[in-house]
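Notes follow the structure.
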Amino acid sequence: MSWDTVRLEWNDDETVATLIVDRPDALNALDVATLEAMGEAIETAAEEDARALVLTGAGDAFIAGADIGYMRDLSTEEAQAWGELGHDVADALEAFPAPTIAAVNGYAFGGGCEMALACDLRVAGESAVIGNTEVDLGIIPGWGATQRLPRLVGDETARRMIFLGERLDADSAAEAGLVGEVVPDGNLEDVVAELAERIAAQPAFAVQSAKRALNRRYESTQPAGLEYEKQAFAGLFGTADQREGMTAFLDDRDPEFE
């Protein structure tokens with residue numbers, strides 16, 4: 008299959024799939040078509056028995072966030088569908104049969120950070136900047152961060168990041184536990200490729216079983232938390248702060264919240 012804004016590439020022995028979000032002119036911001044293509048690409052990689060899946064972005068950004076121009080005028084019902092679509096993709100990454108690795112190059116804000124959080128491992132280039140910045144738009148994270156972020160960085164740090172929209176540079180993200188490794192930007196692709204191939208060389212059934220067991224520890228509470236997040240995210244659309252936050256972003260000015 009082929010898509011306009013997503014590429015799925017394979018290593019030489021076709022054990023590692025790399026999903027590249029390819030909207031560099033928009034810093035790989037996620038719109039409906041791109042999310043749908045990501046979902047299809049993830050499904051394709053699973054059907055073709057990828058033993059590791061890498062997620063990254065083309066150009067100078069990982070995924071700078073969601074398409075704010077699209078989101079600004081959504082109704083609550085439309086925001087619910089939008090949130091569901093983002094959750095579907097993040098959930099597909101989390102449930103992917105084999106390990107997934109986010110190769111974080113450049114900006115990973117909002118929905119981009121959430122896609123990285125849904126991966127099993129995260130490696131950042133030294134110029135990466137990561138954060139859940141939704142509060143600046145008058146909303147909250149809507150694709151899983153309220154549930155996944157605290158499990159990586161702890162409750163206090165997660166609350167600070169989400170309440171304040173804090174952006175972490177690569178070294179700070181590693182110190183917080185948000186990424187596992189920071190490497191020079193020029194080495195990111197090679198380092199992640201080597202890591203993915205090392206994983207792919209392990210016994211596939213054992214690694215897949217280990218992933219299922221690791222994920223299982225969240226299942227008793229995460230679905231309820233994610234469902235609540237979906238409702239809370241969608242409910243903020245149509246509020247004055249959401250409209251002002253997104254309009255200010257598109258106008259390149261500071262928001263004036265109520």
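Here our numbering is used: the first residue of the sequence shown is 8, the next is one more, and so on. Idealized CB from N, CA, C, for every residue including glycine.
Query raised in the report: The beta strand (DSSP E) with G64 in it runs from where to where?
Result: 59-64
### Task
Determine the closest residue to Q105 out of G117, L128, G90, with distance taken between C-alpha atoms.
According to the sequence provided, residue 105 is Ala. The question's Gln does not apply to it. It is L128.
Presumed contact (8 Å Cβ cut-off) between N139 and L159, rounded CB distance: About 12 Å; that fails the 8 Å criterion.
- Could you tell me which of A36, G66, Y77 sits nearest to R250, measuring between CA atoms? Here the closest residue by C-alpha is Y77.
*Alpha-carbon spacing of G184 relative to L243, whole angstroms*: 29 Å
So the candidates are A24, V28, N18; which of them puts its Cα closest to the Cα of T12? V28
Return yes when the Cβ of E204 is within less than 7 Å of the Cβ of V23, no when it is not.
A distance below 7 Å separates the beta carbons of V23 and E204.
*Going by DSSP, which residues form a beta bridge with I70?*
A115
Point to revise | Where the beta strand (DSSP E) through G138 begins and ends | key: 136-138
Notebook entry, point to check: V136: which of I49, A110, L144 sits nearest, CA to CA?
Noted result: Checking every option, the nearest Cα to that of V136 belongs to A110.
Using 8 Å as the threshold, is the segment 217-227 in touch with the segment 75-90, meaning 3 or more CB pairs across them?
-> no
Based on the DSSP output, what are the partners of R250 in its beta bridges? According to DSSP, R250 bridges with nothing at all.
For the alpha helix (DSSP H) that contains I75, what are its first and last residues? 75-78
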